[in-house]
Every structure is written in structure tokens, then in C-alpha cells.
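K.L.:
Residue numbers (this note's numbering): 7 to 547.
Each residue gets a CB set at the ideal place from its N, CA and C atoms; glycine is no exception.
In this text, all values refer to a predicted model and were calculated from it rather than measured experimentally.
Have a look at this one:
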């Protein structure tokens with residue numbers, strides 16, 4: 007608005023100047039005309055006309071100047087308004103930024119105040135800690151001074167005591183030290199002699215135990231053929247007249263016996279003997295004991311059969327528990343679920359290829375324990391795995407499936423360690439082996455079952471089977487040597503590397519395994535290992 011006022015004032019000034027200039031021109035023109043003392047009306051009219059024209063011209067110029075000034079003023083006003091709006095917008099932005107900056111400054115000031123307060127508190131704590139440290143250092147210095155004084159005092163007392171002892175004993179310190187050393191040396195020699203004697207006695211006892219163990223193992227390795235596995239038990243009678251009493255009137259006694267025990271009683275022409283037939287060895291042994299009780303008592307009738315069977319069943323159960331406990335004691339295992347102990351004892355009546363299963367488990371546990379000791383492993387855990395690896399055989403007559411998987415499920419049910427469960431289920435490779443304990447269990451099982459005489463097989467058949475194994479492997483082209491190892495459980499085939507490559511070696515191993523399966527009968531499994539060895543030999547001359 008100030009600019010508009012200034013422009014209008016300039017326009018008024020310009021108009022005034024223009025009017026003044028017109029008047030000056032009229033006056034000059036009037037002075038320049040030679041007029042008579044009394045001008046004529048025509049002259050006056052001409053002058054007036056001229057003045058009017060000049061005034062009109064001046065007025066038009068003034069109007070033109072005013073119009074230009076007004077347009078310029080309007081343009082200036084428009085620009086001023088635009089600038090005022092920009093200035094207002096900038097002012098708002100500046101005010102907003104100033105407000106934000108004030109907030110930030112306020113927050114920074116608050117943060118600085120908090121930091122200053124924390125620094126002050128920390129400085130106070132540091133001052134307090136420094137004060138405590140200084141006090142502690144002062145007390146420590148005082149304590150050190152007291153200890154130094156006490157040490158000097160003790161040294162003085164020790165010197166006085168030594169002098170008194172020397173005067174009383176009549177010996178110097180060096181002489182007393184020498185006497186004391188001699189006394190200690192003599193005492194140490196006596197104690198060492200006693201310890202040596204004790205060690206020699208223990209070593210002698212341990213040597214005898216180890217010698218007995220070695221002899222026992224040697225006897226086992228050269229043992230002859232054991233009793234063949236069978237589903238029939240023979241009971242000898244005091245006389246043939248007992249057969250009629252066993253049969254009873256119209257066969258009621260034999261029917262009651264078979265229905266009660268679940269065992270077939272076979273009475274044939276064999277003199278003074280009857281046969282008991284059953285696939286379950288525990289049930290067959292219970293029936294044999296029941297019939298033996300009845301024969302000794304002489305009273306045979308259905309009620310008496312049931313009573314004798316119940317007593318025999320209890321006795322067999324106790325015998326199984328005792329057998330399981332004896333096995334644990336022999337192996338050195340202290341804790342096991344009672345049901346597992348009972349199942350373990352039932353295996354004393356079970357044989358596999360003529361080998362008693364319980365004895366096989368005990369032997370496997372001993373072997374596994376020895377290997378675990380050599381490998382610095384947990385011997386008790388490995389022995390537990392080997393002792394329980396065939397526990398499923400106690401229930402194979404009652405539960406369908408592999409005895410390894412059945413045994414693993416039983417062990418898991420009764421709280422055995424997961425490593426024991428895995429060793430049981432993997433000892434026939436039905437589950438992939440993942441632990442060292444499982445590998446040692448497999449090795450102990452193979453060693454116990456493959457030693458000569460462990461399982462039913464005549465020496466002649468055994469030798470023929472080994473010869474046939476070597477003949478089958480030797481019949482292939484490129485085979486150099488064949489060795490039947492581990493009592494026929496492994497065949498090691500050495501091939502010539504120049505005529506047999508790696509792929510052909512795999513083919514030979516597969517073909518040999520297929521022929522062995524088709525042509526031979528054998529317990530367990532047989533491993534075929536084909537060895538292809540390349541050697542390079544040079545001589546330095």
C-alpha cells in the first residue's frame with residue numbers, strides 16, 4: 007500500500023509540473039509578441055486559442071502519464087501482493103521450522119540435563135568407591151605392617167625354640183634333620199615292602215582268575231557239538247504200567263493234562279518213556295515238571311493235574327527269575343526291570359541252532375565288555391546291550407515279527423536306555439546301525455555264534471561247507487585266492503587287479519552271494535568281501 011501511495015503522489019506531482027510548464031510557455035509567448043498597448047480582441051482570441059491548445063495538449067500528456075502510472079502502479083501492486091503471499095508462506099514455513107527446532111532443542115536440553123545428572127551420580131559413586139579403596143589400601147598397609155612384625159616375631163621365637171631344642175637334645179639342626187630323614191626313609195621302606203607284598207598277592211590272585219578265564223575260553227572254543235534244538239522232551243517212567251494211569255479212564259487224564267498245560271503228550275511203544283511236544287520251551291518244561299510230580303506222587307486225576315501244574319508253573323517262574331538274576335550277577339549288572347529279568351531267565355529253556363540262548367547272551371556280554379574296555383567305552387552299557395540283544399526270542403512264540411524288533415519294543419517299554427534299544431533292533435541290520443555300541447553288539451553276537459562247537463553242526467558238515475564256499479568263489483575268472491574266515495561267516499576273495507576292475511569286483515561279490523544263498527544252508531549270514539589291490543614295485547640300483 008505504501009508503494010501505491012508513492013506512485014499516486016508522483017503522478018500528481020507530474021501533472022502539477024506539466025500545468026506549470028504550460029503556463030510558463032503561455033507567458034513566454036505573450037512576452038515575445040509585440041503588442042500595442044491595447045491588444046486587439048483577435049490577438050487575445052488567438053492567444054487564448056493557443057493557450058487552450060497547449061493546455062489541452064498538456065492535459066492529454068498528463069492523462070497519458072497518469073494512465074501509465076496507474077498501470078505501472080497496478081502491476082506493482084500485483085507483484086507486491088504475490089511477493090506478500092510468498093513472504094507469508096515463507097514466514098509460515100520459517101515459523102514451523104522454528105517450532106520444530108525449538109522442540110528438538112528442548113529435547114536435547116532435557117537429554118543433556120539427564121546425562122548431566124547421571125554423570126553427577128556416577129562421579130559421586132566413583133568418589134565413594136575411591137574413598138573405600140583408599141580406606142581398604144590403608145587397612146591393607148596396616149595389615150601388612152602387622153604381618154611383617156608378626157613374621158619377625160615368629161622368626162625370633164623359632165630361633166629361640168631351635169636353640170632350646172638343640173641344647174636339650176644335644177644335637178644341631180643339621181644333625182636332627184639327618185636323623186629325621188633316616189627315620190622317614192626306614193619307615194618308607196617298610197611301608198613300600200608291605201605294599202609290594204600286597205600288590206604281589208593281588209597280582210597272584212588276579213593272575214589265577216585270568217588263567218581260569220583263559221582256560222574257560224579255550225574250552226569253549228574247542229567245545230564239541232551241543233544238544234540239538236528240539237520241540238520234544240522225554241520223561242522216563244518207573245514202569246510201563248504208569249502209562250495207563252497217565253491215560254486214565256477213557257483218556258480223561260491225558261485230555262485234562264493237555265488242556266491244562268497246552269502241551270501234547272505222546273505215548274507210544276517206547277519202553278518206560280513218554281514224549282512231551284510243544285513249540286514253547288517254557289511251557290514244555292512246565293508240563294514236564296508237572297508230569298514228573300504226578301508220576302512221583304502216583305495220584306493222577308484232573309484235579310491233581312491242575313494243582314501240580316500250578317505248583318510247577320510257579321516253580322518254573324521262580325527258576326526263570328533266578329536264572330535271570332544269576333545272569334545279571336555274572337555279567338555285573340545291578341539294576342534291571344523285573345519283567346526283563348523274568349524274560350531273560352526264560353531263555354534258559356530256549357536254544358538256537360543247538361546253542362542255549364541265555365548262555366549265548368552271557369557269552370556275548372563278556373565278549374562285548376572286553377572289546378569296550380579295549381576301546382575305552384562304557385563297558386557296562388555295552389554289556390547291557392549284548393545281554394539283551396536276543397530278549398525278543400522269549401516272546402517270538404507269542405508275538406509275530408522279528409525277534410530284534412520285538413526285543414527293542416520290550417526294552418523301550420521297560421525303560422531301557424535308547425542306545426540299548428537301538429543296539430537290540432540293529433543287531434541283525436534290520437535298522438541302520440548308528441552307534442558304536444550297536445556295532446560291538448553285532449560283533450559279540452557273531453563271535454559267540456560262529457565259534458566252532460557253539461551251534462549245531464557236525465565237524466564234517468562244517469568242513470564241507472567251508473570247502474564249498476571256497477569252491478564257489480574260486481570258480482570265477484580273475485580270482486587269485488579265496489579264504490573262508492570267521493568259521494564260515496565271511497569269504498574274502500582276492501582278485502588279480504590286471505584282469506578285474508572295480509565294477510567287475512562288485513559283480514563277482516554279488517554273484518558269489520547269490521550262489522551261496524541258492525546252494526548252501528547255513529545259520530545267520532555270510533559276508534562276501536572282494537579285495538582288489540594294485541601294487542607298484544621298483545628297484546633302486
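From the DSSP output, in three-state form, read off residue 239 for me.
P.N.:
Look at residue 239 here: in three-state DSSP terms it is strand.
K.L.:
Counting only the same chain and skipping the five closest in sequence on each side, list residues whose C-beta sits under 7 Å from that of residue 355.
P.N.:
287, 288, 291.
K.L.:
What does DSSP give as the partner residues of residue 496 in its beta bridges?
P.N.:
BP columns for residue 496 point to 491, 533.
K.L.:
At which residues does the beta strand (DSSP E) containing residue 281 begin and terminate?
P.N.:
279–283
K.L.:
In this structure, does DSSP put residue 276 in helix, strand or coil?
P.N.:
coil
K.L.:
To the nearest angstrom, report how far apart residue 437 and residue 297 are at their CA atoms.
P.N.:
43 Å
K.L.:
Along the chain, where does the alpha helix (DSSP H) that runs through residue 367 open and close?
P.N.:
363–380
K.L.:
Considering only their Cβ atoms, is the gap separating residue 348 from residue 363 smaller than 7 Å?
P.N.:
no
K.L.:
Does the distance from the CB of residue 346 to the CB of residue 333 come in under 7 Å?
P.N.:
No, Cβ-Cβ distance for residue 346 and residue 333 is not below 7 Å.
K.L.:
Three-state secondary structure (DSSP) at residue 478?
P.N.:
helix
K.L.:
With burial defined as no fewer than 16 other Cβ atoms inside 10 Å of the residue's Cβ, what is the status of residue 183: buried or exposed?
P.N.:
Exposed, since its Cβ has fewer than 16 Cβ neighbours within 10 Å.
K.L.:
Quick one: grab the DSSP three-state call for residue 485.
P.N.:
strand
K.L.:
Less than 7 Å between the C-beta atoms of residue 532 and residue 495, yes or no?
P.N.:
yes
K.L.:
Just to confirm, is the Cβ distance from residue 266 to residue 312 under 7 Å?
P.N.:
yes
K.L.:
Could you give the C-beta distance for residue 413 and residue 398, rounded to a whole number, given that I count them as a contact under 8 Å?
P.N.:
3 Å
K.L.:
Compute the beta-carbon to beta-carbon distance between residue 394 and residue 417, rounded to the nearest angstrom, for a pair I have assumed lies under 8 Å.
P.N.:
6 Å
K.L.:
Count the other CB atoms within 10 Å of the CB of residue 367; is the residue buried (16 or more) or exposed (fewer)?
P.N.:
By the 10 Å Cβ count, residue 367 comes out buried.
K.L.:
Pull up the distance between the alpha-carbon of residue 259 and that of residue 324, whole angstroms please.
P.N.:
Roughly 27 Å separates the two Cα atoms.
K.L.:
Within 10 Å of its beta-carbon, does residue 447 have 16 or more other beta-carbons around it, so buried, or fewer, so exposed?
P.N.:
buried
K.L.:
Taking DSSP as the reference, what is the three-state secondary structure of residue 435?
P.N.:
coil
K.L.:
Using 7 Å as the threshold, is the C-beta distance between residue 434 and residue 450 below it?
P.N.:
Not a contact, by the Cβ cut-off of 7 Å.
K.L.:
Opposite residue 270 in the DSSP bridges: which residues?
P.N.:
283
K.L.:
Is there contact here, the segment 501–518 with the segment 478–485, by at least three beta-carbon pairs under 8 Å?
P.N.:
yes
K.L.:
At the level of alpha carbons, what is the spacing between residue 415 and residue 430?
P.N.:
In a straight line, the C-alpha of residue 415 is about 9 Å away from that of residue 430.
K.L.:
Assuming contact is defined by CB atoms lying nearer than 7 Å, are residue 538 and residue 501 in contact in what I supplied?
P.N.:
yes
K.L.:
Is residue 238 buried or exposed, if buried means 16 or more other CB atoms sit within 10 Å of its CB?
P.N.:
Flag for residue 238 reads exposed.
K.L.:
What number of angstroms, rounded off, separates the C-alpha of residue 503 from the C-alpha of residue 513?
P.N.:
Approximately 14 Å, taken between the alpha carbons.
K.L.:
How far does the alpha helix (DSSP H) with residue 356 in it extend, from its first residue to its last?
P.N.:
It is not in any alpha helix (DSSP H) - residue 356 carries neither H nor E in the DSSP assignment.
K.L.:
Alpha carbon to alpha carbon, how far is residue 202 from residue 194?
P.N.:
Their backbone Cα atoms lie some 12 Å apart in a straight line.
K.L.:
Give the straight-line distance between the Cα atoms of residue 566 and residue 242, rounded to the nearest whole angstrom.
P.N.:
This structure leaves residue 566 out entirely; the chain is present only between 7 and 547.
K.L.:
Within the same chain, show all residues whose beta-carbon is closer than 6 Å to that of residue 358, passing over the 5 residues directly before and after it, in chain order.
P.N.:
none
K.L.:
Considering only their Cβ atoms, is the gap separating residue 278 from residue 271 smaller than 7 Å?
P.N.:
no
K.L.:
With DSSP run on the structure shown, which of helix, strand or coil describes residue 440?
P.N.:
coil
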